[in-house]
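Notes for the one structure printed next.
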Amino acid sequence: MRPPENRAIYAQSPQVQPAPPASDAAPTIPVARNASVDAGAHEPSKPDPSAAGAGPSATATGPDANPSSSGPPSASEAAAPSPLPTDPQAAAIATRLADPKPLLARLSTKDREAIQAFYALGAFKPVWILDGSLTPAAKSVAVRLAAAGEDGLTASAYPAPVLGTSGTTEAQIADADLKLSAAVVLYARDARGGRIHLANLSRLITPVLDLPAPDAVLARIASGGSSAGSLLQGYNPAQTGYLALKARLAMLRGQSQTASASSVHLSQGPVLKLGMSDPRVPALRSRFGLETRTAGTLDAGPGNSESYDAGVVAAVAAFQRARGLPSNGALTAQTVSALSRPDPAGRTDEAEAALIVNMERWRWLPSDLGRDYVMVNIPEFRLRVVRDGRQRDEARVIVGKTESPTPIFSGLMEYAVVNPSWNVPPSILKNEFLPGLARDPNYAARRGYEVVYRNGNVSVRQPPGERNALGFIKFMFPNNHAVYLHDTPNRTLFSSTHRALSHGCVRVEDPFRFADAVLPEAWSSDRLKKLIGKGERQIRLSEKLPVHLAYFTTSVDEAGTTRTLPDLYGYDIRMKIALGLSPGSLLVARGSDGKSAEARRSLQRKPTTVTARTGPALTAAPKPMADARRARIREVNSDGPVSRAMAERPPAGNGEPDLWTPRPGRPLNGWW
Numbered sequence: 211m212r213p214p215e216n217r218a219i220y221a222q223s224p225q226v227q228p229a230p231p232a233s234d235a236a237p238t239i240p241v242a243r244n245a246s247v248d249a250g251a252h253e254p255s256k257p258d259p260s261a262a263g264a265g266p267s268a269t270a271t272g273p274d275a276n277p278s279s280s281g282p283p284s285a286s287e288a289a290a291p292s293p294l295p296t297d298p299q300a301a302a303i304a305t306r307l308a309d310p311k312p313l314l315a316r317l318s319t320k321d322r323e324a325i326q327a328f329y330a331l332g333a334f335k336p337v338w339i340l341d342g343s344l345t346p347a348a349k350s351v352a353v354r355l356a357a358a359g360e361d362g363l364t365a366s367a368y369p370a371p372v373l374g375t376s377g378t379t380e381a382q383i384a385d386a387d388l389k390l391s392a393a394v395v396l397y398a399r400d401a402r403g404g405r406i407h408l409a410n411l412s413r414l415i416t417p418v419l420d421l422p423a424p425d426a427v428l429a430r431i432a433s434g435g436s437s438a439g440s441l442l443q444g445y446n447p448a449q450t451g452y453l454a455l456k457a458r459l460a461m462l463r464g465q466s467q468t469a470s471a472s473s474v475h476l477s478q479g480p481v482l483k484l485g486m487s488d489p490r491v492p493a494l495r496s497r498f499g500l501e502t503r504t505a506g507t508l509d510a511g512p513g514n515s516e517s518y519d520a521g522v523v524a525a526v527a528a529f530q531r532a533r534g535l536p537s538n539g540a541l542t543a544q545t546v547s548a549l550s551r552p553d554p555a556g557r558t559d560e561a562e563a564a565l566i567v568n569m570e571r572w573r574w575l576p577s578d579l580g581r582d583y584v585m586v587n588i589p590e591f592r593l594r595v596v597r598d599g600r601q602r603d604e605a606r607v608i609v610g611k612t613e614s615p616t617p618i619f620s621g622l623m624e625y626a627v628v629n630p631s632w633n634v635p636p637s638i639l640k641n642e643f644l645p646g647l648a649r650d651p652n653y654a655a656r657r658g659y660e661v662v663y664r665n666g667n668v669s670v671r672q673p674p675g676e677r678n679a680l681g682f683i684k685f686m687f688p689n690n691h692a693v694y695l696h697d698t699p700n701r702t703l704f705s706s707t708h709r710a711l712s713h714g715c716v717r718v719e720d721p722f723r724f725a726d727a728v729l730p731e732a733w734s735s736d737r738l739k740k741l742i743g744k745g746e747r748q749i750r751l752s753e754k755l756p757v758h759l760a761y762f763t764t765s766v767d768e769a770g771t772t773r774t775l776p777d778l779y780g781y782d783i784r785m786k787i788a789l790g791l792s793p794g795s796l797l798v799a800r801g802s803d804g805k806s807a808e809a810r811r812s813l814q815r816k817p818t819t820v821t822a823r824t825g826p827a828l829t830a831a832p833k834p835m836a837d838a839r840r841a842r843i844r845e846v847n848s849d850g851p852v853s854r855a856m857a858e859r860p861p862a863g864n865g866e867p868d869l870w871t872p873r874p875g876r877p878l879n880g881w882w
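When we follow the numbering used here, the leftmost residue of the sequence shown carries the number 211, and every step to the right adds one.
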């Protein structure tokens with residue numbers, strides 16, 4: 211499928227633009243910089259004076275040319291280019307590297323610089339071509355690049371060059387060798403999740419991608435011989451969930467090729483619906499491979515090939531979905547017309563796109579999840595604990611609302627806190643609490659909160675207890691989003707099917723059972739419960755435990771059944787557009803003025819009115835802050851003075867809670 215014209219979210223960057231050689235002088239090449247670079251940084255590189263003259267391509271004018279020199283070289287000496295190699299083929303490669311013409315679309319500036327450095331270390335000799343022919347490694351790599359679609363990648367993004375049978379020039383060999391290196395580097399980066407600018411997709415998607423260094427990729431793959439293709443394919447995820455999606459994609463494409471192998475010309479007639487008969491139905495059966503009727507259907511009679519039964523309806527509906535038609539299974543005039551046309555080449559239907567999008571999300575996770583870890587699948591509202599590579603337990607969870615999504619990233623759980631207190635973040639203090647205090651001096655006290663007013667600053671704290679928004683225990687994995695796993699006093703919400711109800715944190719249904727699975731053995735659930743009401747207590751894990759907050763809307767279970775979940779935060783369609791799987795344009799491109807970034811933030815902070823069960827709406831029009839501070843407030847003692855910094859930011863480990871809408875209800879007896 212041809213990618214959309216406007217896909218600003220798609221990872222790309224300007225190519226290296228070295229100055230062209232003078233017409234009256236031999237071409238020269240820039241001095242190679244450090245070969246190990248961050249392939250994920252898509253920005254023009256800045257000059258690095260400390261690296262000038264480094265590597266085999268350093269010239270005689272470099273800093274080591276004159277040991278007796280008492281001072282550093284001048285700027286012109288440090289940046290002096292190297293002369294071309296004497297070997298004609300190496301000279302052709304060096305000349306091509308000095309040419310600003312792109313090697314490959316979407317190859318970043320730093321990737322190209324790394325490729326140049328890699329070739330400089332090898333005296334600019336070909337990597338993939340020997341004596342005018344592709345090496346075994348090159349042939350193996352070419353096969354893998356052509357099969358990139360098996361892993362949900364786009365094979366056309368990694369074109370493997372083809373050498374002519376005779377008369378191939380040194381310049382053509384140089385171009386082919388460099389383009390194959392570029393394709394290998396780009397494939398490895400994309401296989402590890404480098405296809406999309408995640409910050410443009412959402413500011414709440416912040417995984418740390420394990421993007422491989424280009425020089426390391428080239429060194430490993432080029433020396434792989436006939437196994438080079440398998441080594442390159444190994445940059446894709448190897449987790450069971452990813453492999454199941456990959457297998458399902460292959461099966462779906464096989465079915466699609468069989469079903470769309472040929473067009474069928476039907477005469478126009480009445481709209482056919484389930485249970486009707488028509489002489490056009492046998493042709494439909496042949497088109498969809500339904501020569502025999504499905505057993506157990508409510509047909510008019512056995513062997514009636516003209517019956518428009520449930521099997522035909524299902525096949526027609528699938529065809530309609532693939533062609534973007536209303537998928538009601540009825541044979542309409544529009545469907546008859548579409549059946550007469552062959553399937554558009556390279557078109558990806560919705561089922562394939564859903565698989566590819568979720569395969570891409572596996573690339574956001576670490577290549578090694580760990581033998582012990584916690585996985586939260588946000589759209590599924592479910593948490594799983596894995597120990598020694600096997601699932602030990604699972605639990606229902608409550609995740610962020612659409613206007614306050616739970617972020618997607620991986621962290622390390624370090625400790626738990628029993629009887630936690632909660633410090634109200636500045637955003638809620640400003641937008642909800644101060645207006646409430648201005649209206650009602652007892653606003654905080656009636657809701658179980660303590661207000662500290664010192665030196666003109668206001669802070670609000672909810673002490674430990676059964677009404678605390680965090681419940682009796684929270685599990686901390688420090689992160690920039692200030693989210694964590696925790697208990698909640700509102701137990702009834704877990705009975706809901708749709709559990710996107712929080713401000714971003716993840717509430718666990720049975721936190722003490724969860725504690726049994728993640729805390730050291732000495733801290734059993736019974737021992738933890740004995741601490742309730744005895745003050746705040748921190749319990750550190752003996753080893754940090756990986757926590758993965760993931761977002762999978764399509765998965766394949768152990769029985770081979772494909773499961774589809776609601777797209778809570780609307781990420782699916784945005785990813786389909788970004789990956790070229792769906793037409794459209796994303797209005798989230800980074801702008802030089804920063805306005806588009808703010809527009810993205812405003813889209814994810816849609817204002818909503820949340821009304822408490824008792825009292826006025828929390829989003830009532832706020833009064834000036836000075837009015838709120840003049841209101842009569844109940845002061846409480848604190849351990850120390852409240853500084854401006856304390857009023858402006860939450861203490862470490864205290865983020866926006868998930869339970870801030872209604873007043874916490876009374877916990878049920880024996881809720882644990």
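Where a beta carbon is used, it is the ideal one built from N, C-alpha and C, also for glycine.
- Query: If we call anything under 8 Å between Cβ atoms a contact, is Pro371 one with Lys349?
  - Reply: no
- Task: Put Leu541 into one of helix, strand or coil per three-state DSSP.
- Result: strand
- Query: Just curious, the alpha helix (DSSP H) that Asp400 is in, first and last residue?
  - Reply: 380–401
- Message: Could you tell me which whole beta strand (DSSP E) segments of length 3 or greater appear in the stretch 597–634?
- Response: 600–610, 619–628
- Task: Would you check if the distance between the CB atom of Leu455 and the CB atom of Met569 is smaller than 8 Å?
- Result: yes
- Could you pull out every residue in the same chain whose Cβ sits closer than 6 Å to the Cβ of Ala548, ignoring the five residues on either side in sequence? Arg533
- Query: Is Thr763 helix, strand or coil when you go by DSSP?
  - Reply: coil
- Message: Looking at the secondary structure, which residues open and close the alpha helix (DSSP H) in which Thr771 lies?
- Response: Counting along the chain, Thr771 falls outside any alpha helix (DSSP H), and DSSP gives it neither H nor E.
- DSSP state of Arg413 mapped onto helix, strand, coil: coil
- Message: Considering only DSSP beta bridges, list what Phe722 is partnered with.
- Response: BP columns for Phe722 are empty, so no partner.
- Tell me, to the nearest whole angstrom, how far the beta carbon of Thr434 is from that of Leu441; I am working on the premise that it is less than 8 Å. Note that residue 434 is Gly in the sequence shown, not Thr. Their Cβ separation, rounded to whole angstroms, is 5 Å, which keeps Gly434 and Leu441 in contact under 8 Å.
- Query: What's the gap between the Cα of Ile749 and the Cα of Ala626?
  - Reply: 5 Å
- Contained beta strand (DSSP E) runs [length at least 3] in the stretch 286–361, N- to C-terminal order: none
- Query: Within this structure, are the beta carbons of Leu307 and Ile566 separated by less than 8 Å?
  - Reply: no
- Query: Do Leu711 and His696 have their CB atoms nearer than 8 Å?
  - Reply: no
- Task: Return yes when the Cβ of Val607 is within less than 8 Å of the Cβ of Leu738, no when it is not.
- Result: no
- Query: Between which two residues does the beta strand (DSSP E) containing Asn665 stretch?
  - Reply: Looking at the DSSP string, Asn665 is not in any beta strand (DSSP E), and its letter there is neither H nor E.
- Would you kindly report the start and end of the unbroken alpha helix (DSSP H) that includes Ile683? Taken as a continuous stretch (DSSP letters only), Ile683 belongs to no alpha helix (DSSP H), being part of the beta strand (DSSP E) at 683–686.
- Ser712, enclosing alpha helix (DSSP H) - first and last residue: Here Ser712 belongs to no alpha helix (DSSP H); instead the beta strand (DSSP E) covers 710–712.
- Using the beta-carbon count (16 or more within 10 Å), is Pro489 buried or exposed? exposed
- Item | Inter-residue Cα distance where the pair is Gly403 and Arg413 | 16 Å
- Message: Contact between the stretch 710–730 and the stretch 535–545 is defined here as three or more beta-carbon pairs at a separation below 8 Å; is this criterion met?
- Response: no
- Message: On a Cα-Cα basis, can you pick out the residue from Ser734, Arg747, Thr616, Ala648 that is closest to Ile588?
- Response: Thr616
- Do you know whose CA, among Glu590, Pro688, Thr698, lies nearest Ser765's CA? Glu590
- Cβ-based neighbour list, Leu484, same chain, cut-off 6 Å, excluding 5 preceding and 5 following: Val523
- Query: With 16 as the cutoff for other CB atoms within 10 Å, does Met461 come out buried or exposed?
  - Reply: exposed
- Residues of its chain near His475, where Cβ-Cβ distance is below 7 Å and the 5 sequence neighbours each way are ignored: Ser550
- Nearest-angstrom Cα distance between Gly675 and Asp582? 31 Å
- Could you work out which residue in Leu789, Thr763, Ala788 is closest to Tyr779 when comparing CA atoms only? Thr763
- Message: Rounded to whole angstroms, what is the Cα-Cα separation between Ile383 and Ala365?
- Response: 22 Å
- Tell me which same chain residues have a C-beta within less than 6 Å of the C-beta of Asp603, skipping the five on either side of it? Val595, Ala727
- Message: Here's a check: name, in chain order, each residue in its chain whose Cβ is nearer than 6 Å to the Cβ of Pro730, leaving out the five neighbours to either side.
- Response: Ser752
- Message: Cutting at 7 Å between CB atoms, please list the residues of its own chain near Ala525, excluding the five before and the five after it.
- Response: Phe498, Leu500
- Item | Nearest-angstrom Cα separation, counted from Ala386 out to Leu759 | 42 Å
- Task: Report the rounded CA-to-CA distance for Pro346 versus Lys311, giving the unit in angstroms.
- Result: 28 Å
- Message: Once DSSP output is grouped into helix, strand and coil, what is the label at Gln530?
- Response: helix
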